[in-house]
Amino acid sequence: MIAYIDFREGFLMSFSGFWHCRVFAALALLTGVANAQPPQEVIATDTIELRAQQARTFSFDQPVNKVTLSTDGVAQVTPETDRTLTIKGMAPGRTLMTAYAPDGKIIHRSNIKVEQTEGYVKIYGGRGPDGKRSADFTGYYCTTFGCGRADPDVPPVPFSTIISETQNKGDGNSVTTSREYR
């Protein structure tokens, strides 16, 4: 709008028209701010727990057109059919998976939790059957829930302790008794 200088009514009209536009624009902005809602948290319906390099296959009741993950590098989703997906854990972490129908509606949301792979632990320094230190080790597989023998079919290495007691008799002789505990 171009304001012209005239000391009659026109100057006041153009100047007041300018301010009317500003007032209406400010009211429109304030009304828009008053109607804005705070963001709502996206909540998943379940949690899929995987280990790194573990894959599991899931099926859906409806066709899935698109799948998104909130974090890159934690899991990989591979479509098998329009209703079947395979999810593979890539690295320890968490991500939110959202599956969409062909019309764009959300079909399913899941948290995906990927944990470290199961570990193989070697324990050295055990004793052999002869009672001497062994150079060999005993292997265990450990998870977040505990550890178990790596090969449960192999019997454990025998372990025993021998305790000797010497008792003096009244006639000056002594008797030594040895006991072996397994």
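Per mature numbering (1 follows the signal peptide of the UniProt record, and there is no 0): the sequence shown = residues -36 to -1, 1 to 146. Where is the CB? At the ideal position from N, CA and C, for every residue including glycine.
Residues in the same chain with beta-carbon distance under 8 Å from Thr32, minus the five sequence neighbours each way, listed in chain order, please. Residue numbering aside, residue 32 sits at position 68 when the sequence shown is read from its first letter. Closer than 8 Å at Cβ, skipping near neighbours: Met61, Thr62 and Tyr64.
Glu82, DSSP secondary structure in three states: Indexing the sequence shown from 1 puts residue 82 at position 118. Three-state DSSP puts Glu82 in coil, outside helix and strand.
Less than 8 Å between C-beta atoms, sequence neighbours within five positions excluded: which residues of the same chain meet that for residue 191? Since the first and last residues shown for the chain are -36 and 146, residue 191 lies out of range.
Return helix, strand or coil for Tyr145, following the three-state DSSP convention. By one-based count along the sequence shown, residue 145 stands at place 181. In the structure shown, Tyr145 sits in a strand (DSSP, three-state: E or B).
Does the Cβ of Val28 have 16 or more other Cβ atoms within 10 Å, making it buried, or fewer, making it exposed? Position 64 of the sequence shown, counting from 1, holds the residue named residue 28. Taking a 10 Å sphere around the C-beta of Val28, we find 16 or more other C-beta atoms and assign the residue as buried.
Going by CA-CA distance only, name the one from Ser138, Gln1 and Phe22 that's closest to Asp10. Sequence index remark: in the sequence shown, residue 10 carries index 46 (1-based). Measuring from the Cα of Asp10, the nearest candidate turns out to be Phe22.
Using 10 angstroms around the beta-carbon of Ala(-1), count the other beta-carbons present and answer buried if the total reaches 16, otherwise exposed. Position 36 of the sequence shown, counted from the first residue, corresponds to residue -1. Around the Cβ of Ala(-1), a 10 Å sphere holds fewer than 16 other Cβ atoms; the residue is exposed.
Determine the DSSP secondary structure at Ala39, reduced to helix, strand or coil. Taking the first residue of the sequence shown as position 1, residue 39 is located at position 75. In the structure shown, Ala39 adopts extended strand secondary structure according to DSSP, grouped into three states.
Alpha-carbon spacing of Glu82 relative to Pro3, whole angstroms: As a first step, residue 82 must be located in the sequence shown, where it is residue number 118. As a first step, residue 3 must be located in the sequence shown, where it is residue number 39. Distance between the alpha carbons of Glu82 and Pro3: 39 Å.
Identify which residue in Arg97, Thr35 and Val6 has its Cα closest to the Cα of Ile70. By one-based count along the sequence shown, residue 70 stands at place 106. The option with the nearest alpha carbon to Ile70 is Val6.
Taking C-beta to C-beta, are Lys86 and Phe109 nearer than 7 Å? The residue you call residue 86 lines up with position 122 of the sequence shown. The residue you call residue 109 lines up with position 145 of the sequence shown. No, these two residues do not count as a Cβ contact at 7 Å.
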